[in-house]
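Take the working numbering: the final residue in the sequence shown is number 167, and no numbers are missing along the way.
Taking it in order: structure first as structure tokens, then the write-up.
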Amino acid sequence: KQWYQRRVAITAGESPVVVTWFQVISSFSMYPLLHKDGQSVMYLGSMGLYLVLALVVLRNRLLHQDRNFTHKLDWALRHVFVGSVLGCVLLHLGEMLIEPPIRYPYLFPTLNAAYSALHFGFFFCYFHYLQYTGLPELFRRRTKVE
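Listed below in structure tokens is the structure:
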């Protein structure tokens, strides 16, 4: 696995909203390539199904957890997550319904890349924060080589 996949996998139990968000944005960032290969319908169907299932699981999990600091942070991030997914949906709708100007034929792939890059910058900072200050005992316990 790559280093970022390990960081995300290690924090999955502690921050499920952010991990789900990371997976959604990772798939969203691949959309221009999938669209170019004619895989748009499969992408949209699988992402729709994944979001529905993830939201059901996250809702059930968050309703049955204690409300400590990490889960309150997840509660706040959940609202940002929904806004971010709505941004993804708006970019997809824009690409489907609006013809880009002739001067900028790659407008929507560029917007996709910029939107994804902003998110990846946030994820980079967030997972580093968890690794080095937020949950050091979690990382030591789960990455210990036996």
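Note that the Cβ used here is the ideal one computed from N, Cα and C, for glycine as well.
Values in this document were obtained by computation on a predicted structure and should not be read as measured data.
Every candidate beta strand (DSSP E) stretch fails here, since none sits fully inside the stretch 37–87 while reaching 3 residues.
Under the 8 Å Cβ criterion, the stretch 101–113 counts as touching the stretch 127–143, having at least three qualifying pairs.
Segment contact: the stretch 138–148 against the stretch 57–64, fewer than three CB-CB distances shorter than 8 Å; contact not assigned. Comparing C-alpha distances from residue 66 to each of 79, 77, 78, 52 shows the shortest one belongs to 52. Taking 7 Å as the cut-off, the beta carbon of residue 38 is found closer than this to the beta carbon of residue 99.
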